[in-house]
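Colleague:
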Amino acid sequence: NVPFQLEHYHDGVVGGADVDIVQTLKQAIAVLQGKTDPALNPHGFTRRQALLLVAHMTGDIHQPLHMGSAYIGANGQFVVPAKKTDIDAVNIYESRGGNSLLLDDDKLEAMSRPLIPGESKPLPPGAQKWPTKPFHSYWDSTVVDYAMRRTSTKTPERFAQKVIDGKPLVAMNTGDATSWPYQWADDTLAAAKLAYADVTLGKRDSQPNKRGEIEHKFALDMGPNYPVPSSALARTQLIKGGYHLASLLQTIWP
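The opening residue of the sequence shown carries number 9 in the numbering used here; numbering runs sequentially from there.
Now the structure itself:
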């Protein structure tokens with residue numbers, strides 16, 4: 009949940025934590041490298057646990073909204089909090105990684121229909137269609153579906169094979185592998201800026217949740233062509249995530 013406007017992730021950054029994705033990846037990679045210093049593995053990950061975390065989180069860290077988050081000022085504009093205590097839900101609201109930014113789902117479907125080829129994924133059996141879609145969910149799943157449809161593929165396996173056949177040029181990381189999550193984080197912050205480049209905040213709605221806590225949510229509008237560049241960016245990030253994971257594993261186990 010680092011403010012998307014920032015250029016770099018660093019230890020102690022606003023929105024970061026001792027257990028955030030960068031710190032967890034760094035610790036898991038150190039375990040796979042065979043490093044035994046307890047200070048490098050405060051959670052006591054086993055090698056199996058570390059491998060599972062690396063396989064999952066290397067993909068996660070390339071999703072733009074997993075790294076770059078929006079914070080909203082009292083004036084309804086995106087802002088950058090200087091410190092964690094500034095995020096007080098009075099002067100600055102957090103979007104929870106874009107989960108509090110809501111798209112009109114019918115409007116999104118109507119917008120994407122002439123822009124994205126093929127049919128959208130049907131809802132799973134028993135799933136309910138909601139009138140709004142969190143912006144985070146759009147980047148977790150909707151835009152991935154768009155990217156696959158624009159690549160003329162229907163399964164992750166076919167998508168991966170088509171990408172591999174195309175021999176994409178992906179910049180590889182340098183330095184000790186425990187520093188790579190920092191490099192990935194900075195690269196994904198750049199992608200997050202593109203993800204937020206053509207969206208507009210709307211009205212705030214504040215309602216109590218099931219625990220009686222007040223939740224603040226904001227309407228979000230996209231530019232009329234947003235599904236096209238966002239799906240292209242998602243494709244790029246998916247490719248980077250796969251190739252960076254492969255490079256990491258080959259570096260650890262040459």
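Ideal placement from N, C-alpha and C gives every residue a C-beta, glycine not left out.
Is it buried or exposed for Ile172, if we count other Cβ within 10 angstroms and need 16 for buried?
Modeller: Counting Cβ neighbours within 10 Å, Ile172 comes out exposed, since fewer than 16 surround it.
Colleague: Is the beta carbon of Leu209 closer than 8 Å to that of Leu197?
Modeller: Result no, Cβ atoms of Leu197 and Leu209 do not sit closer than 8 Å.
Colleague: Compare the beta carbon distance of Thr66 and Leu256 with 8 Å and say whether it is the shorter of the two.
Modeller: It is a contact, given that the beta carbons lie within the stated cut-off.
Colleague: What is the rounded straight-line gap between the Cα of Ser128 and the Cα of Ser108?
Modeller: Spanning the two alpha carbons is a distance of roughly 24 Å.
Colleague: Pull up the CB-CB distance for Ala242 and Met75, whole angstroms please, since I reckon it's below 8 Å.
Modeller: Not a contact, Cβ separation roughly 14 Å.
Colleague: Roughly how many angstroms lie between the CA atoms of Asp279 and Gly20, to the nearest whole one?
Modeller: The chain is shown from 9 up to 262; residue 279 falls before or after that span and cannot be answered.
Colleague: Pick from Phe143, Pro216 and Val98: whose alpha carbon is nearest that of Gly106?
Modeller: Considering only alpha carbons, the answer is Phe143.
Colleague: Alpha carbons only, please: which of Tyr17, Ala199 and Val10 is nearest the one belonging to Gln191?
Modeller: Comparing Cα-Cα distances from Gln191 to each of Tyr17, Ala199 and Val10, the minimum goes to Tyr17.
Colleague: With a Cβ-Cβ cutoff of 8 Å, do Thr32 and Leu61 count as a contact?
Modeller: A contact, by the Cβ cut-off of 8 Å.
Colleague: Taking DSSP as the reference, what is the three-state secondary structure of Leu116?
Modeller: If DSSP states are grouped into helix, strand and coil, Leu116 belongs with the helices.
Colleague: Should the segment 116 to 127 be called in touch with the segment 221 to 236, which here means at least 3 C-beta pairs below 8 Å?
Modeller: Flag = yes, the segment 116 to 127 and the segment 221 to 236 touch.
Colleague: Secondary structure at Arg212, three-state DSSP: helix, strand or coil?
Modeller: The answer is strand: DSSP assigns Arg212 an E or B state.
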